[in-house]
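Peer 1: My structure is below; once you've seen it, I'll send some questions.
In my numbering, the protein residues as written are 52 to 309.
Written out as structure tokens, the structure reads:
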């Protein structure tokens, strides 16, 4: 590892083996573009779900067989797997053992993964699965669903990776969200805690005994102004370090006297 100082930026000058996954599926335009650009400098392996698995959280396929299929796209090293994002990362770690993973990237996701969204996010779960195996991990999401301005957002992904790799340790997870604004209106980057991202959830009935969950984000008045949800709304790229350990250590210490 070599860290070079240049124009006040830390550059991570190392060729890496990068595993890329997502939850939008193997056909995602953002996935292809990110893999193509990173392949110019690094060794890239893509293993992504064979179909859209958004909202699959950290589920695993345990009651059915997984099917791996080579996906031919611009000479990239890509495979689809008939499973969840967490399946893809676990499968890569256990089956593609010759590919010594240095970094796991999940995304770029269509749609945000802010605040409480991370509880349901397949994008975050792929990164969390990577952290379980001790890899450094990034989850990238774009609030917009349009997959436009990919040149700009992929360049930002690479800049953020280069900047944060030197301070990442094994198991580190970075949750990065790009705001839904024009690229010239991006106000900057903020390192922020998670906020609450709530929705006016309701179930729409269609057909006999069939329902669809729909909902729009709500304004949460008690959100701290410096959290990821509120800063994203103001036009900032937000970055939040995430832990998969959900232990309440204060409560655990309180229980010692029981």
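All residues carry an ideal CB built from backbone N, CA and C; glycine is no exception. Source: prediction; values computed, not measured.
Among 171, 70, 234, which has the Cα closest to the Cα of residue 99?
Peer 2: 70
Peer 1: Which first and last residues belong to the beta strand (DSSP E) in which residue 313 is found?
Peer 2: Residue 313 cannot be examined here, being either before or after the span of the chain that is shown, 52 to 309.
Peer 1: Can you name the residues that DSSP bridges to residue 99?
Peer 2: 131
Peer 1: Alpha carbon to alpha carbon, how far is residue 133 from residue 161?
Peer 2: Whole-angstrom Cα-Cα distance: 20 Å.
Peer 1: With 16 as the cutoff for other CB atoms within 10 Å, does residue 264 come out buried or exposed?
Peer 2: exposed
Peer 1: Please report the distance separating the alpha-carbon of residue 276 from that of residue 193.
Peer 2: 20 Å
Peer 1: Output yes or no for whether 8 Å exceeds the beta carbon distance between residue 226 and residue 190.
Peer 2: yes
Peer 1: Given that a residue counts as buried once 16 or more other Cβ atoms are within 10 Å of its Cβ, and exposed if not, what is residue 114?
Peer 2: exposed
Peer 1: Out of 228, 235, 244, 262, state which residue places its alpha-carbon closest to the alpha-carbon of residue 283.
Peer 2: Of the listed residues, the one whose Cα sits closest to residue 283 is 228.
Peer 1: Take the Cβ of residue 308 as the centre, count every other Cβ of all protein chains shown within 10 Å, and call the residue buried at 16 or more, exposed below.
Peer 2: exposed
Peer 1: What residues match up with residue 268 in a beta bridge as DSSP calls it?
Peer 2: For residue 268, which the question treats as bridged, DSSP gives the partners 250.
Peer 1: Which residue wins for smallest C-alpha separation from residue 116, given the options 235, 142, 104?
Peer 2: 142
Peer 1: To the nearest angstrom, how far is the alpha carbon of residue 53 from that of residue 224?
Peer 2: In this prediction, residue 53 has a pLDDT of 33, which is less than 50 and means its spatial position is unreliable; nothing more can be read from the coordinates.
Peer 1: Find out if the Cβ-Cβ distance for the pair residue 291, residue 249 is shorter than 8 Å.
Peer 2: no
Peer 1: Taking the DSSP output, what are the residues bridged to residue 94?
Peer 2: The partner list for residue 94 (beta bridge, DSSP) reads 68.
Peer 1: Mind checking residue 152: buried by the 16 CB within 10 Å criterion, or exposed?
Peer 2: It is buried - the Cβ of residue 152 has at least 16 other Cβ atoms within 10 Å.
Peer 1: Tell me the DSSP bridge mates of residue 242?
Peer 2: DSSP lists 290 as partners of residue 242.
Peer 1: Quick one: does the C-beta of residue 120 sit closer than 7 Å to a heavy atom of the ligand PLP?
Peer 2: Ligands displayed in this structure: none; no statement on the ligand PLP is therefore possible.
Peer 1: What residues in its chain sit with their C-beta under 7 Å from that of residue 274, if we drop five residues either side in the sequence?
Peer 2: 246, 247, 280, 281
Peer 1: Assuming residue 73 and residue 94 form a contact by the criterion Cβ under 8 Å, report the distance between their Cβ atoms to the nearest whole angstrom.
Peer 2: Between residue 94 and residue 73 the Cβ distance is about 18 Å, and since that is not below 8 Å, they are no contact.
Peer 1: Name the DSSP beta bridge partners of residue 157, please?
Peer 2: Under DSSP, residue 157 forms a beta bridge with 72, 190.
Peer 1: For residue 152, which three-state DSSP category applies?
Peer 2: Under the three-state reduction of DSSP, residue 152 is assigned to coil, being neither helix nor strand.
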